[in-house]
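Number of protein chains: 4
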Amino acid sequence: MAGNTFGKLYRVTTFGESHGKAVGAIIDGCPSNIMLSEEDIQLYLNRRRPNDSELSTTRKEKDKVEILSGVFEGKTLGTPICAMVKNEDIGTSEYNVLQNVFRPGHADFTYEKKYGIRDYRSGGRSSGRETIGRVIGGAVAMKVLKEKSIHIAARGNYDLSRLSDGKDEVDYENVDDSLGGIVECKVTGCKAGLGEPVFDKLDAELAKACMSIGAVKGVEIGAGFDVANMLGSENNDQMSAGGKFLSNNSGGILGGISNGNDIIIRLAIKPTPTISKKQKTIDINGNEIEVELKGRNDVCIVDRIVVVVESMVAMTILDFYLQNVNV
Amino acid sequence: MAGNTFGKLYRVTTFGESHGKAVGAIIDGCPSNIMLSEEDIQLYLNRRRPNDSELSTTRKEKDKVEILSGVFEGKTLGTPICAMVKNEDIGTSEYNVLQNVFRPGHADFTYEKKYGIRDYRSGGRSSGRETIGRVIGGAVAMKVLKEKSIHIAARGNYDLSRLSDGKDEVDYENVDDSLGGIVECKVTGCKAGLGEPVFDKLDAELAKACMSIGAVKGVEIGAGFDVANMLGSENNDQMSAGGKFLSNNSGGILGGISNGNDIIIRLAIKPTPTISKKQKTIDINGNEIEVELKGRNDVCIVDRIVVVVESMVAMTILDFYLQNVNV
Amino acid sequence: MAGNTFGKLYRVTTFGESHGKAVGAIIDGCPSNIMLSEEDIQLYLNRRRPNDSELSTTRKEKDKVEILSGVFEGKTLGTPICAMVKNEDIGTSEYNVLQNVFRPGHADFTYEKKYGIRDYRSGGRSSGRETIGRVIGGAVAMKVLKEKSIHIAARGNYDLSRLSDGKDEVDYENVDDSLGGIVECKVTGCKAGLGEPVFDKLDAELAKACMSIGAVKGVEIGAGFDVANMLGSENNDQMSAGGKFLSNNSGGILGGISNGNDIIIRLAIKPTPTISKKQKTIDINGNEIEVELKGRNDVCIVDRIVVVVESMVAMTILDFYLQNVNV
Amino acid sequence: MAGNTFGKLYRVTTFGESHGKAVGAIIDGCPSNIMLSEEDIQLYLNRRRPNDSELSTTRKEKDKVEILSGVFEGKTLGTPICAMVKNEDIGTSEYNVLQNVFRPGHADFTYEKKYGIRDYRSGGRSSGRETIGRVIGGAVAMKVLKEKSIHIAARGNYDLSRLSDGKDEVDYENVDDSLGGIVECKVTGCKAGLGEPVFDKLDAELAKACMSIGAVKGVEIGAGFDVANMLGSENNDQMSAGGKFLSNNSGGILGGISNGNDIIIRLAIKPTPTISKKQKTIDINGNEIEVELKGRNDVCIVDRIVVVVESMVAMTILDFYLQNVNV
């Protein structure tokens, strides 16, 4: 139990079900005297919101953040920052049909097995809406990191041709399926010396941080899986004067510690499991059934997940930064 | 600081430099009344040792484990198990030449930046010899898991043709380079319900556990990076009666919780950075130099890393098992 | 940084300043399928509220709790329970005078030194109002413990004659000073075997839990400080058939582990530091000044702290219970 | 399970049973580049050893410490320091008689209940010999703290007249009983700002650290239990220019954070439970028996426990120091 807190010194604890009263986070360990407003967080939450793209869910939430504590006269106090977003466009009725069904690719089955109870409305705690707490934690982390000249930026990539069925354009009206993709994240401005040896390596914690995002099924650092087919002479990053590296196959991390180069992470994003195609599954009593899921879901989640990845990476980097104050 | 402990309830803290007096581990939280002998651990340490294969280092250590505490009359007491291996075939002299050199692909540079001091003899703490502590922790975990009918097995894969330079056989005498590969690990017998939501997902902790192994640069669960090009209908694992899944793209984990299927992890292993080919680097004063490293190193580490991967996975699974006693 | 979370498996993270928007807590690790309502928590919060006694502050808050997550159809989901209380009777203006003053016996000086900023309104985070989060965490813990037949009850004791100045009755209108006291807490129904060896002993964690309450300056287990003048034969609890102890000087704990007897804890509560008597102190610029504090404060906090003590003890016991599932 | 690690950033994990092969500790998180030798630790271990006083056990161990890792060329590496002491004067035979007996005042009963197995030789893990690991951790912490001009010193106090039975001198040959006492510890040189709010207060962690020592049954900070009978005007520490406090009832801690004054802790030490007087107890089968314990035990443990108290306090202070780098 109790897996809803991330970090050691910069600690983010999130809460909230998709269709409960609110979702949010408590940030404990944020340095004091940092300028912080609700707008600072809102900017990042807006990037996470469904947009007008045809790839995005039609659930429309304003996702307006409210800071309840930890900020006084515009500055952080060093005490816990609680920030939350109320759930508004809930529309429960459409989900009642899911009460007794284990949707393929979702956590319905495993939550039922683990807890013996679940909030079946849109996945409850396992919904993508849980990532609002992550973005709150990440937005504040990025505000702090900017003061240290550390910047984090991710971008997504996916192949729409898989949805267009050989045609020139995707017929979004009739798409009955969803699409996966790749997110790549880069950290710039991070000096050498960040990270811990052995188990709490910088790359190990980044891998955990990113793999904890619901849709992620793979994590690479630097050359990643390509190293499996490389020779040592091809993979080693040679050095020149001033501690400059002549390549960056390591992705900015050697022996679990940052080497001053850009930190590079690549993530595999699975296609959203909610699709309208007919699928075989079972109900809560173990009976085989077939389902066609017609919810308000994303055709491709990649664009919306970019800011979640940045957030997890930011929280990880800041946490190490606070542990490595001599860096 | 302080990254040398793994786990929450099954906690393994390792110690030791490659050329110090000893390497080993304290295991805290092992259940009591488990039959345990030094031989139980030795079996796994022997699999980690260099073997007679031409791919392996010529450093020859017996790696004889000694249990110092926590076992009484052949059974675990529930108190900390300290087990260690003395370093014997040290041969320091050959390493003095490395005192002022940052070897490409090694952690020499980052340790120096982080700590302002390092044990330069074969990488000190960042040496592969550090994994002895992991295998001690893993061997005991596997002993406990076997009683729960949970089994863990990994295997390695690599492409020797890259070393043979177009010829039929590799000329090991004159190989001046090293080779990467893949390790795949499978957990069988794990019931549904293991893992925690949100940040401490089973796949997130497995990713951390595996990425913390020095040579690992990528982690995949189930279909892994293939999901980036899949449609939801291709990736979703549909279900049939009895909670059986019709495929296993999820790698046995849904929403961070085990679903009862085999758990599948694939890792990218980088080629050993120590090669005899000439490489550009810098010395401790920042001067550019060229090095040809002629140590006792592995041409391909993949076969030896297999038991380390099993160990990390076993520690992770047991730790969750102890947190999920209702499973 | 980051000291606002209590517990390992039953984890309570609190937030909120006295005069911010709200105070509350996230409870992570509460078992699922426990019946839980806002009324269950409200009962305990009401015991913490200022009452009509002359000993109590005149700040009147309804302290109405609201559960935001983690409960569905009247039962806990196993996911984080966020519960909060809005601050209402804030009356800020009266506190502006304290902006530049370090009140004697309060944390004003140390918060300023640590954070370089503080919410000066009634102590901000260091206000007794912070204990609302503790009571939320404790109320839920007690609900769970009751199902295991473990009960926790504390009571306070103080000597009003110190306030009456030799007269028969205390003249509350003109009291310019405050009073300390003792709280004793008893845990019944706890079986033998709870607690961990060495550092995380049951008594060690209880001591931490109780000493973390702002007003507590001493903690005793069982015979407590009396043992300093006892002989072994007087202090040892001898045993009779059935594992019954003939006395309880140990306070129910041997070697850090519960022995099946009642667990007994006694706490020293300091007098509330806010008094209207003239006191010497300094302002934020280091100038010596004299203050007479005329806030809405408690003459004696002991009665109100009783439920806070029960809460901290309950959280500690439940946390160990979840770690000791074989008990 | 798993309570054998102390600290967050300065982490000490101890191991070892009284009559196993060795006792010791791994220190993780010690800053690098600190001069450290075995002699530095030995000095503190010698203070813990039984001395020639009539109050002390006749078990004679050299308690020679050996550092296995983490130190290179006389300086700490920043990697885990493993240090151990081999058990030598074991003399097991005399303890076999205890195999089936629960000694009054000892942890025999609770260990059996918790683990279903125990090393009955002199208490195994619950023996006072466990404190060697604490002193190792404390000795290194004090070495680091001295560089920050923070010093820690404790002293013991006990009333021998209780043993002399009205006569002028204690007849040590025929003493059949043991004696408790008080240890007071003072920390000097600690600046204001150390400690965390709410749960991880400096006094809360000190209380845990000290209460985790086997013989401790009470902890006071500053005026301690005296505050129960004090008025606010008597207890508040007023201030004068320069942030000087006119008294130190707070014991150097306000709101859980150091205020720059000396930190004062007082501990109640129970009499050693091993006495030769006849006592009632039960055997492992629940039968009532009487025992007269004739081991090699201490009449009064207070003098030997002083260095253990200093060690626990040092570990606590250093751990906070590393978390509060701006102090």
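Chains as they are written, first to last, in this note's numbering: chain L, 1 to 327; chain G, 1001 to 1327; chain A, 2001 to 2327; chain Z, 3001 to 3327. Just so it is clear, CB atoms sit at the ideal spot from N, CA and C, and this is done for glycine as well.
Could you check whether residue j and residue i sit closer than 8 Å to each other, using their CB atoms as the reference points?
i, j, result
"Lys-186 (chain L)", "Asp-303 (chain L)", "no"
"Ser-3178 (chain Z)", "Leu-2246 (chain A)", "no"
"Asn-4 (chain L)", "Pro-2271 (chain A)", "no"
"Met-129 (chain L)", "Ser-311 (chain L)", "As written in the sequence, residue 129 (chain L) is Arg, which differs from the Met given in the question. No, the Cβ-Cβ distance between Arg-129 (chain L) and Ser-311 (chain L) is not below 8 Å."
"Ser-3250 (chain Z)", "Gly-3189 (chain Z)", "no"
"Val-1065 (chain G)", "Ile-1182 (chain G)", "no"
"Asn-1297 (chain G)", "Thr-1316 (chain G)", "no"
"Thr-13 (chain L)", "Ile-2026 (chain A)", "yes"
"Tyr-10 (chain L)", "Asp-203 (chain L)", "no"
"Asn-1259 (chain G)", "Gly-1222 (chain G)", "no"
"Glu-184 (chain L)", "Ala-209 (chain L)", "no"
"Ser-3240 (chain Z)", "Ile-1117 (chain G)", "no"
"Thr-3076 (chain Z)", "Ile-3034 (chain Z)", "yes"
"Gly-3193 (chain Z)", "Lys-2114 (chain A)", "yes"
"Gly-2133 (chain A)", "Ile-2305 (chain A)", "no"
Could you work out which residues of chain G lie near residue i, taking near to mean beta carbons separated by less than 7 Å?
i, result
"Asn-3004 (chain Z)", "Asp-1028 and Pro-1080"
"Pro-2197 (chain A)", "Thr-1079"
Kindly list, in the order they appear in chain Z, the residues whose Cβ is closer than 9 Å to that of residue i.
i, result
"Arg-1125 (chain G)", "Ser-3069, Gly-3070, Leu-3077, Gly-3078, Thr-3079 and Pro-3080"
"Ile-1117 (chain G)", "Ser-3032, Asn-3033, Phe-3072, Glu-3073, Lys-3075, Thr-3076, Leu-3077 and Gly-3078"
"Asp-2164 (chain A)", "Here residue 2164 (chain A) is Ser; the residue named in the question, Asp, does not match the sequence. Ordered by position in chain Z, no residue passes the 9 Å Cβ test against Ser-2164 (chain A), which lies about 12 Å from the chain."
"Asn-2248 (chain A)", "None at all; the shortest Cβ gap to chain Z is about 12 Å."
Would you please state the rounded distance, in angstroms, between the beta carbons of residue i and residue j? I believe it to be under 8 Å.
i, j, result
"Ile-1269 (chain G)", "Ile-1301 (chain G)", "7 Å"
"Val-216 (chain L)", "Leu-55 (chain L)", "So it is not a contact: roughly 18 Å between Cβ atoms."
"Thr-131 (chain L)", "Val-308 (chain L)", "5 Å"
"Asn-229 (chain L)", "Gly-1180 (chain G)", "7 Å"
"Gly-1195 (chain G)", "Ile-1253 (chain G)", "7 Å"
"Asn-3235 (chain Z)", "Gly-2138 (chain A)", "Asn-3235 (chain Z) to Gly-2138 (chain A), Cβ: 27 Å. No contact."
"Ser-3069 (chain Z)", "Gly-1020 (chain G)", "5 Å"
Using a cut-off of 7 Å between C-beta atoms, extract the partners of residue i located in chain A.
i, result
"Ile-3182 (chain Z)", "Ala-2228"
"Lys-3208 (chain Z)", "Ala-2204, Glu-2205, Ala-2207 and Lys-2208"
Quickly, what does DSSP pair residue i with across the bridge? List them, please.
i, result
"Gly-3218 (chain Z)", "A:Glu-2220 and Z:Ala-3268"
"His-151 (chain L)", "L:Thr-188"
"Lys-2060 (chain A)", "Answer is none; Lys-2060 (chain A) lacks a bridge partner."
"Asp-2028 (chain A)", "A:Arg-2011"
"Phe-245 (chain L)", "L:Met-239"
"Thr-2281 (chain A)", "A:Ile-2289"
"Cys-3300 (chain Z)", "Z:Leu-3179"
"Ser-2258 (chain A)", "A:Ile-2253"
Could you tell me which chain L residues have their CB closer than 9 Å to the CB of residue i, listed as they occur along the chain?
i, result
"Glu-2017 (chain A)", "Ser-69, Gly-70, Phe-72, Leu-77 and Thr-79"
"Met-1084 (chain G)", "Chain L residues near Met-1084 (chain G): none, gap ~16 Å exceeds 9 Å."
"Asn-1046 (chain G)", "Near Asn-1046 (chain G) there are no residues of chain L at all, since even the closest Cβ is about 22 Å away, more than 9 Å."
So residue i contacts chain L; which residues on that side make the cut at Cβ distance below 8 Å?
i, result
"Ala-2022 (chain A)", "Leu-68, Ser-69 and Cys-82"
Could you confirm whether any beta carbon from chain D is found closer than 8 Å to the beta carbon of residue i?
i, result
"Val-2219 (chain A)", "Judged by its chain identifiers, the structure shown contains no chain D, and its protein chains are L, G, A and Z."
So which residues on chain A does residue i lean against when the C-beta distance must stay under 9 Å?
i, result
"Thr-131 (chain L)", "Per Cβ cutoff of 9 Å: no residues; Thr-131 (chain L) is ~15 Å from chain A at best."
So with CB distances below 8 Å, who are the chain G contacts of residue i?
i, result
"Thr-3110 (chain Z)", "The contacting residues do not exist; Thr-3110 (chain Z) stays about 12 Å from chain G at best."
"Leu-160 (chain L)", "Going along chain G, no residue has its Cβ under 8 Å from Leu-160 (chain L), so there is no contact; the nearest lies around 12 Å."
Along chain L, in chain order, which residues have C-beta atoms closer than 7 Å to that of residue i?
i, result
"Glu-1288 (chain G)", "Ser-240 and Ala-241"
Would you check whether the ligand MG has a heavy atom nearer than 7 Å to the C-beta of residue i?
i, result
"Ile-2132 (chain A)", "Ligands are entirely absent from the displayed structure, and the ligand MG is therefore not among its contents."
Take every Cβ of the region 1096-1104 of chain G, pair it with every Cβ of the region 3135-3154 of chain Z, and state whether three or more of those distances are shorter than 8 Å. no
Contact between the region 1189-1207 of chain G and the region 1279-1287 of chain G (3+ Cβ pairs under 8 Å): no
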